[in-house]
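Here the structure is laid out as structure tokens; the discussion comes afterwards.
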Amino acid sequence: MTIKSMRDALNEALHHEFERDPRVFLIGEDVGGFEKDGQPVEIGGVFGVSKGLYRKYGRKRVIDAPISEAAIIGAASGAALCGMRPIAEIMFADLTAVCFDQIVNQIAKFRYMFGGQCACPVVIRMTTGGGRNAGAQHSQTFYPIFTSFPGLKVVVPSNAYDAKGLLITAIRDEDPVIFFEPKVLYTEKCEVPDEAYAIPFGEAAMPREGEDVTLVAFGQSVNWAVQAADELRATRGIRCDVIDPRTPSPLDEETILESVAATGRLVVIDESPPRCGLTADVAALVADKGFRDLKAPIKTVTAPHTPVPQARELERAYLPNPRRIIAAVEEVLA
Amino acid sequence: MTHDGLLRAYRRLRLLREFEERTRVEFQTGQIAGFTHLYAGMEAIAVGVCEHLTDEDRIISTHRGHGHCLAKGCDPAAMMLELWGSTDGLCRGKGGTMHIADFSRGMLGANAVVGAGAPIAVGAALASAMTGGTWVAVSFVGDGGTNIGSVYEAMNLAVVLKLPKIFVIEDNGWGEMTPIADVAGNRDLAARAAAMGMPAVSVDGVDFFAVHAAAGEAIARARRGGGPSTIVASAPRFYGHHEGDPQLYRSREEVAELRRREDCLPRFIGRVTAEGILSADEIAAVDADIARIMDDAVAKAKAGPRPVPADVHEHVYARYR
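Right under this line is the structure:
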């Protein structure tokens, strides 16, 4: 057990699974490398998540693709239909907009529209979210959109430990998995075992426990929720359950409903815009199945209904933060 | 080709034609729900290509997919059951006319999104290359599909990775209801494909033998590791874009003329009988057999078991956890 960054934890997961299963391969832009004067030149991904794979496994299993997202996803899904276990990398979640058909009309529906004849065990990894001042086209989350599609599973880890275990589960899963990697968390570190381990989908983590308010958060918002919970406890004696569903699809409804049954108060946090997102989804779940447990109206903390701005001051204003979460907790306790 | 090979090809051609003629009749009487797109007129393309393929080879089709399914060996009764939405259909009634698939035959699905099959078939070809297989992947795309960007993404990736992939462009002159000449900056569709860096040929898609020869060369090249290629085959579409299309964009006379001059079946029969390879009796026997097979397929479809509402929830995931 050592302290590792999320980047290194994800990298380890890839190495474990490449080693375990020869059907596993990676295809994406800049994920591998090339030969120059007979010597390998490794790229290993623009964020370094696939480092070492090209040197160890070569071009055959670490495929540097042209900047052709539809072809990348099609190549992965077609190979999956023929028995392979592809991992496709899309550099930024925003760019799935150019291969949306291949994901939502094709991969998500093969098993269903072909009457259960096939599985499509493909993993599509991508970076997600704001915090790097990357502007409107390189900072969106997109996991709410994919969560709305039956046939897909959706994962968004909030820490290095979960990232490794969830990616291993994703690669071993029979169904298509859209795997979101919050780009600001690549350098965040925690204890991560050296060996391979799998974290089951549909089981929330609860990084903080408390009986006063339930906080449900996704991706990097989990860390803001934890900071808010720690501050509320230290300064005011308010105790919060912090629930990290880890997989928006399948969603661990039981853990959320049980917590709300105990606290009677719910704040849902995500860095996506407010409409048709995961905050609205969780709020609707509790309104539908846990309404009688509520002692106060549900509050949500989200980005505004705007694109993601670039300037530091503007992106700071755009993203949720612990202060806004604390204010929401105060409202549900008022 | 041998006598038996030609007899088999003729059976397939006739089966494809009769399946569509019968589907049209049943659709018009309201037996079949949804949209349907008939392949009649283009049979020599699917059969000319698929006669070279085994069950291990993979194909992906289009919204106009019945012909490709049959040419790849799908059972006509199981297909008709699927058109009817029966749970005994190839996709248990979940797919219907535009999503027929039979993985046991290497048929990875008709596809209702124009051009979308090309990148997926590249993935099938990639699996063949990665596992050291000698099987190939074929995508069928219409002329309209040659204006879809992802088709060129797929072609480029297949060339870059030198995959055993054949792109068959079926040029019936119409992208739905718009003449291809009005929407193609370069009407030479083979030149477009060749520009991606692969061999590309144009053939008369009404002539089974022309398609068969071109496909044989392309598939043999792919099998021996020579990489992808494109075949553009031109053939008429005897019916509208979909059943119910009033075809205001062309006259009845024009269609009748196409049927007189550009029908692959009489063309095939004329040649094989003139050369004395198949007899008129053999042709008649096949026709009678296919008529019986289609009667049987429709009877089975009409009597097929129906889905129940709970079936909506089946087959979304292997396991939702």
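Sequences listed follow chains A and B, in order.
Here the first sequence is numbered in my numbering, starting from 11 and rising by one per residue.
Here the second sequence is numbered in my numbering, starting from 102 and rising by one per residue.
Cβ atoms here follow ideal geometry from the backbone N, Cα and C, with glycine treated the same way.
Since the model is a prediction, treat every value here as computed from it, not as a measurement.
By the Cβ criterion, the region 148–157 of chain A is not in contact with the region 197–213 of chain A, since fewer than three pairs of Cβ atoms, one from each stretch, lie closer than 8 Å. Rounded to the nearest angstrom, the gap between the Cα atoms of D251 of chain A and V226 of chain A is 8 Å. As DSSP reads the structure, G243 of chain B sits in a beta bridge with B:E271. Each residue's CA atom was taken as its position, placing R334 of chain A and V311 of chain A some 7 Å apart.
From the beta-carbon of F35 of chain A, the residues of chain B found nearer than 8 Å are M231. Residue-level contact check: G194 of chain B touches chain A, since one or more beta carbons of chain A fall below 9 Å from its beta carbon. From the beta-carbon of R121 of chain A, the residues of chain B found nearer than 8 Å are H416, V417, Y418 and A419. Contact between the region 121–137 of chain B and the region 299–309 of chain B is not established, with fewer than three Cβ pairs separated by less than 8 Å. Taking C-beta separations shorter than 6 Å and ignoring five residues to either side along the sequence, the partners of G218 of chain B in its chain run I161, N212 and S240, following chain order. Residue environment for D283 of chain B: exposed (fewer than 16 other C-beta atoms within 10 angstroms of its C-beta). Closest in C-alpha terms to V413 of chain B, from the list A:F102, A:E341 and A:Y122, comes A:Y122. Judged by DSSP in its simplified three-state form, R109 of chain B adopts helix. Using beta-carbon distances, L91 of chain A counts as an interface residue toward chain B, with a partner under 9 Å. By the rule that beta-carbons nearer than 9 Å mark a contact, G88 of chain A touches chain B. With a beta-carbon spacing of about 12 Å, P283 of chain A and P319 of chain A fall beyond the 8 Å limit used to define contacts. Contacts between M136 of chain A and chain B, judged by CB atoms closer than 7 Å, are missing: the closest CB pair is about 18 Å apart. Inside the region 159–238 of chain B, DSSP marks whole alpha helix (DSSP H) runs of 4 or more residues at positions 167–172, 177–185 and 218–231, from first to last along the chain.
At a cut-off of 9 Å between beta-carbon atoms, G42 of chain A makes no contact with chain B. Distance from L343 of chain A to R243 of chain A at the Cβ level is roughly 13 Å; contact not present, criterion being Cβ atoms closer than 8 Å. Using a Cβ distance threshold of 9 Å, Y140 of chain B and G166 of chain B count as a contacting pair.
Under the DSSP assignment, Q237 of chain A falls outside any beta strand (DSSP E), being part of the alpha helix (DSSP H) whose first and last residues are S231 to R246. Its chain contains C200 and V202 as the residues whose beta carbon lies nearer than 6 Å to that of Y171 of chain A, once the 5 sequence neighbours on both sides are disregarded; these appear in chain order. Segment contact: the region 155–162 of chain A against the region 180–191 of chain A, three or more CB-CB distances shorter than 8 Å; contact assigned. Interface flag for E99 of chain A against chain B is unset, since no Cβ pair is found closer than 9 Å. Three or more pairs of CB atoms, one per stretch, sit closer than 8 Å, so the region 307–317 of chain B contacts the region 142–162 of chain B. Beta-bridge analysis with DSSP links E191 of chain A to A:T137. Residues of the region 239–264 of chain B that bring their beta carbon within less than 8 Å of a beta carbon in chain A comprise G250, S251, E254, A255, N257, L258, V261 and L262, in sequence order.
Under a 10 Å Cβ-count criterion, L258 of chain B is classified as buried, with 16 or more other Cβ atoms of the shown protein chains found around its own Cβ. At a cut-off of 9 Å between beta carbons, V150 of chain B makes no contact with chain A.
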